[in-house]
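Report on the following structure.
There are 4 protein chains.
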Amino acid sequence: MGSSFGTLFRISTWGESHGGSVGVVIDGCPPGLPLSAEDIQAELDRRKPGQSDITTPRKEPDSVEILSGVHDGKTLGTPIAMNVRNKDHRPSAYSEMKTAYRPSHADFTYDQKYGRRMAEGGGRSSARETIGRVAAGAVASKILKLGGGVQIVAYVESIEDIQMPASEGPIQREQVEATPVRCPDLATAERMISRIKEVRSEGDSIGGLVTCEVYGLPTGLGEPVFDRLEADLAKAMLSLPATKGFEVGSGFAGTRLKGSEHNDIFEAREGEIRTRTNNAGGVLGGISNGETLRFRVAFKPTATIIQEQDTVTQAGEPTKLMGKGRHDPCVLPRAVPIVEAMTALVLMDHWMRDHAQNHLFDFNPESSNS
Amino acid sequence: MGSSFGTLFRISTWGESHGGSVGVVIDGCPPGLPLSAEDIQAELDRRKPGQSDITTPRKEPDSVEILSGVHDGKTLGTPIAMNVRNKDHRPSAYSEMKTAYRPSHADFTYDQKYGRRMAEGGGRSSARETIGRVAAGAVASKILKLGGGVQIVAYVESIEDIQMPASEGPIQREQVEATPVRCPDLATAERMISRIKEVRSEGDSIGGLVTCEVYGLPTGLGEPVFDRLEADLAKAMLSLPATKGFEVGSGFAGTRLKGSEHNDIFEAREGEIRTRTNNAGGVLGGISNGETLRFRVAFKPTATIIQEQDTVTQAGEPTKLMGKGRHDPCVLPRAVPIVEAMTALVLMDHWMRDHAQNHLFDFNPESSNS
Amino acid sequence: MGSSFGTLFRISTWGESHGGSVGVVIDGCPPGLPLSAEDIQAELDRRKPGQSDITTPRKEPDSVEILSGVHDGKTLGTPIAMNVRNKDHRPSAYSEMKTAYRPSHADFTYDQKYGRRMAEGGGRSSARETIGRVAAGAVASKILKLGGGVQIVAYVESIEDIQMPASEGPIQREQVEATPVRCPDLATAERMISRIKEVRSEGDSIGGLVTCEVYGLPTGLGEPVFDRLEADLAKAMLSLPATKGFEVGSGFAGTRLKGSEHNDIFEAREGEIRTRTNNAGGVLGGISNGETLRFRVAFKPTATIIQEQDTVTQAGEPTKLMGKGRHDPCVLPRAVPIVEAMTALVLMDHWMRDHAQNHLFDFNPESSNS
Amino acid sequence: MGSSFGTLFRISTWGESHGGSVGVVIDGCPPGLPLSAEDIQAELDRRKPGQSDITTPRKEPDSVEILSGVHDGKTLGTPIAMNVRNKDHRPSAYSEMKTAYRPSHADFTYDQKYGRRMAEGGGRSSARETIGRVAAGAVASKILKLGGGVQIVAYVESIEDIQMPASEGPIQREQVEATPVRCPDLATAERMISRIKEVRSEGDSIGGLVTCEVYGLPTGLGEPVFDRLEADLAKAMLSLPATKGFEVGSGFAGTRLKGSEHNDIFEAREGEIRTRTNNAGGVLGGISNGETLRFRVAFKPTATIIQEQDTVTQAGEPTKLMGKGRHDPCVLPRAVPIVEAMTALVLMDHWMRDHAQNHLFDFNPESSNS
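Protein chains in written order, with the working numbering: chain A, 6 to 375; chain B, 6 to 375; chain C, 6 to 375; chain D, 6 to 375.
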């Protein structure tokens, strides 16, 4: 269990890498949304392997088929199931992994938990399972944009110790997509690309940070006390493969400020109550405050490396293992659309929840005879 | 909505600061657990205000009453409701806050979301709501310890820029409780206490980091792909007031390592498969791997400061506000039992979920006629 | 587990008969609803024991205390906890029941499931647990009436073989409340009262049928395919103590009609699409169709009788047991407000769910640049 | 929303009649279960159209494809997605239904709720959506049988006014499958078949009752107070198309008995505590008591009839409509495997829930140092 996400805009995913297919069903999508396979495919193409010379060479078209829930080009309000067939299986590349545990992979823990696992390509623990998330996220994103004018933009802020300079003003998706590394600062992007290639040539891997910003989000999203907006975002991000950390607004650095430095002063701007600074990162008390929502996600270096490593067999015998599968030396560029997708899913769900409770009735006791 | 947490060991909390009471009901607690109000009170006393000279002087006995679910000293398997009356109300201290928004507090967002709020002491957004969490967590902790031998220990690792040295080996709760600041390194604790007093004398506030470690956790807890153990922990921590970040294992620092440096090599130790290092922080692929579970939580400096600050009224008019309520200059010491409580709730829920799916039947098709 | 109900307007109940208290917390109540303890008490008084000479003589004031979620006479949008203290304990009346199983009571199954139980008065399995349901239902009812003009009226249609004649037109609550048996037909009510007194004098008990009708319900409530409106109503009713059956519209009798007799023909009336007959009972395909929602609930005769019965002890030894606790010879009259409460909870939850998905955005792709 | 069912053994279904496909994903299936497409297909074949001369002539092979979650012939513990393609589309048969509302169908309410619908064959409201339920139920049934020795047998007890005599002793599936009408009493079955053919020749339709019995169910399943076993069964049954009623044990007839007649006396039989009679139908206080679980479901006559009926258009204009689609004159025979599937899903989920809470730890406080 654990393959469903969301309360009202609820998704359930399935599929193993090197199994028959991966997919997702969305339950709760509002009816009337114009939707086609192209809307989904566009996002899957940003996630798919083999899209540039700094990602894994595995060739997967990742073509999506919409199985249900859309008719005459619009959503019906019924479940939307979407399926992607796996194509480029090379199970032979994984024969050793059936018995030896790859370091920092989930082979060992899946065996411990379920008493069995699909060894090829990591099975369910492969990042291929995120295809369903991206497909569902594409639907949520379209609703948020079309219905609410909300824009979600994620980008690679740092790789290893290469950090882009602080941006001024909103980032556009075009800037992010300008290079295959998805860092909107071109000079930094070039250095990142070189570093990735260098590391790959050494058979090694690197990690980094993805930042996500949301523009145009209204106030009021987030359900205290447990389902605060940042709590559900943190869960969404830490549910992604290879993530090790999450921070919102001032985050870890904010712990070194005094309250008098950290507090965001309220002021009126153009008839609206706004904050002068945004250390909060767009949330106060777990609820969006109308400022840019801003958070950062830490991705560890890819566990698969093309170097011989010590490990043990299922029986606990020492052995050595040499990475062979096709892999990404750095997952960050392909993580960008996945972070956006999870963000869209969280926001969509919270929008619906807020709407249900707080925009249902306008009580007018005077006009009533109760 | 949003005041429930957990799937099988599920809690629902209620209550506003300065309202009648705060409390919690647990649904799903296993029957037969020896439980008394004293078990709960011991943890509430670690959380309560006025416990030392570095916390808020608000006087609240925080006496818990068990309303249901316990009979003859043992849990019945039925819902356990627990209630704590609010005593030390001083609503007059909050009269200005009814119309002016306190910077970096949730006054503004509650108004935006619900169209109303209880202004006194922050109402539902006050950290008083965590009383219910601590009460429920005390039950979960006792089960984990008694049934599974699991020990959860959180401590204050840093305050502002004062950081304790890396510990060697497990931390004992006695070390944590040795000083009111709950940093197990005595020399660091003294510096922290001085710093808190100094900041308080300036009417200012500071934040810091709480680290939590879990010893004795078995393998197999965590439900991929969304309800990974670290994902639910991240959500639990970011659902706490004043938190801005979460990291597990190597966390943000790990993004600067290469894969060959970061990977945790498997080896056999005393007949068990273990890892040589623990950059993972005890989870692989979202499932506990038998190593120490280790994560860190960032708390911002307390928003309430005793200094005059610019702000606006509900109508958007500029005004000034001077903090008056009794408050903690640094929430970290009292956050320790709260972090432990949330950790216990997550672990208990995951233990039950894993047990339900993976330890239900041992299929033996040969002996069956199906 | 199992003590929570609803998705968005979600309640969690607690409490044992003869324990400290019984209560409920509602999570998800819309803010701004005028609400006082009197609103709740009025419904609890309709449910409470000792209200007439045909109910149990147990004396319980069942005074409700609102612990949270209401401020200045209006709901805050935060959890509303409500608690009722148990007063009239007579545990001595139950001493034999600690070891001997009362026939057709839950003593045996609670022991089997939990390995223990609170013997006094049935503990959690007592109908006293419905107090929390009635309290929460009172809130839901008030919202439905004030916000949506929806009226829920349940009544006793039959007791044993005494059946009221078919009513013409809507039933008013005043008619129902005119006699203590809560049958709106006065002549039938008198016969029912006599029968109940007669049966009580024999130390025996009887059951019957409660019918519930909902007037003014709009179209569109119900979430196919599993959470159909009638499915959630069926669950709600079968979750009540002593219920053995549920039918909606034509129900069991409808299975003897031909399709050509059973189908409800559509027609236009006063500018609205309506049906000529209402065999459907107000739902088509799981969704309300704008006609009167009508269903019926079967209650078995009370299990407690004042006659000596054979049974066994916990150890399986044959013994005899004589009913002693104060009890209702017929639960129907007091079941009426409980059926109404559960109906209100189901409708409220479905209203919120429908609102969230189907009244969120009005997509206008032309005006968008997506 | 509303297309998911269950808490731990949780299914989500998708698909419209005459859309691309219908399917289901199961989250929470225990690992290690031997499972093949044949296991699923066997149950789908019992449900599929065109299986005999008393069902609809629509030709659908209903071939299932397992998309995920099974490897080397066994379940992995990961989500099991299963998909069935729709083949025999004849959208032209439904052209009139795009604008005119079929009486007692869900066309009108889907339009009211979602503002749109897929008119062909009823879209999502078609009984084709139950394919996913049957596929998932086949998995649950196999686990219950293999892991717990539980046997679920449903059968047609009555059609219109043709009622089979009371059975003595357990019904075997072979008896049920002996005739296409699935009534285990052969003489009654013949009369039912004749009646169905007769009604079909008149272009009319009939309904009836399905009874379901579960043998070998242990004590302890059911989660009071809301998720009683019979409450979840009632919901499951009323969530099926065309159902109008549910009763367990003595049901509606039991309301005419006195308590002294209705109570089931406990006795010891072969070392176990059993009841002499089974008016309870296998549940006491919402928990299984070890006796045969027995309940009955009322199905209305099929709404589609081949007769001209009055109705209105979407605009409310009077019109006439003549049924044209291929349909079942009586849904009962094909409902049998569907009722069994839903029963299996409820029992499986409850087994897991009971296991999680009540069979997790055996607390032994003496041996602990807590």
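A virtual CB, placed ideally from N, CA and C, is assigned to each residue, including glycine.
Which same chain residues end up closer than 8 Å to residue i when comparing Cβ atoms and leaving out the 5 residues on each side of it in sequence?
i, result
"A/S146", "E48, I157, E345, A346, A349"
"B/H76", "none"
"C/Q56", "D50, P185, R339"
"D/T280", "D269, I270, F271, E272, N294, E296"
Measuring straight from C-alpha to C-alpha, what distance separates residue i and residue j?
i, j, result
"A/R121", "A/Y115", "7 Å"
"A/R51", "A/P338", "9 Å"
"A/L222", "A/R178", "17 Å"
"D/R107", "C/F271", "8 Å"
"C/L151", "C/P39", "10 Å"
"B/D232", "B/M242", "15 Å"
"C/L245", "C/L352", "17 Å"
"B/A141", "B/V30", "8 Å"
"B/I71", "A/E70", "54 Å"
"C/A143", "C/E43", "10 Å"
"C/V155", "C/A171", "22 Å"
"D/F10", "D/L81", "21 Å"
"B/Y60", "B/T307", "One point to set straight first is that residue 60 of chain B is Thr, not Tyr, in the sequence displayed. Approximately 12 Å, taken between the alpha carbons."
"B/Y220", "B/G24", "38 Å"
"A/P342", "A/G328", "26 Å"
"C/I260", "D/I167", "Reading off the sequence shown, one finds Thr at residue 260 of chain C, where the question assumed Ile. So the alpha carbons of these two residues sit roughly 11 Å apart."
"D/G33", "B/R358", "9 Å"
"C/V317", "D/E296", "16 Å"
"B/P185", "B/E173", "22 Å"
"B/E165", "A/I198", "36 Å"
"A/G254", "D/M87", "42 Å"
"A/K249", "B/F300", "10 Å"
"A/G78", "D/A285", "51 Å"
Starting from residue i, find everything on chain C with Cβ-Cβ shorter than 7 Å and list it in chain order.
i, result
"B/T119", "Note on identity: in this sequence residue 119 of chain B is Tyr, with Thr being the wrong assignment. Simply P36, L81, G82."
"D/P229", "G7, R129, S130"
Taking 6 Å as the limit between beta carbons, can you name the residues of its chain near residue i, skipping five residues before and five after?
i, result
"D/P189", "Y160, I176, Q180, V181"
"B/D209", "I310"
"C/Q312", "G208"
"B/A105", "T316, T318, T324, L326"
Run down chain B in chain order and give the residues with a C-beta less than 8 Å from the C-beta of residue i.
i, result
"A/D269", "P108, S109"
For residue i, which residues from the same chain have a beta carbon less than 7 Å from its beta carbon, with the 5 sequence-adjacent residues on both sides left out?
i, result
"D/E134", "T18, G20, V27"
"B/K92", "E65, P66"
"B/H332", "T61, T307, T309"
Just to make sure I have the definition right: I need the residues of chain A whose C-beta is within less than 8 Å of the C-beta of residue i. Which are they?
i, result
"C/M357", "A361, Q362, L365"
"B/L289", "S109, H110, A111, F113, T114"
Mind pulling the chain C residues with CB within less than 9 Å of residue i?
i, result
"A/F10", "Going along chain C, no residue has its Cβ under 9 Å from A/F10, so there is no contact; the nearest lies around 16 Å."
"D/I59", "Within chain C, no residue comes near D/I59; the closest Cβ sits about 15 Å away, beyond 9 Å."
List the residues of chain B that residue i touches, going by C-beta distances under 7 Å, in chain order.
i, result
"A/A308", "G264, N268"
Counting only Cβ pairs nearer than 7 Å, list the residues of chain A close to residue i.
i, result
"D/D32", "M6, S8, S9, S17"
Residues of chain B with CB closer than 9 Å to the CB of residue i, please, in chain order.
i, result
"C/S73", "W19, G20, E21, G24, G25, S26, V27, G28, R129"
- Item | Where the stretch 317-331 of chain D meets chain C: residues whose CB sits under 8 Å from a CB there | V317, G321, E322, P323
- Using a Cβ cut-off of 8 Å, which residues of the stretch 231-246 of chain C contact any Cβ in chain D, in chain order? F231, D232, R233, E235, A236, D237, L238, A239, K240, A241, M242, L243, S244, P246
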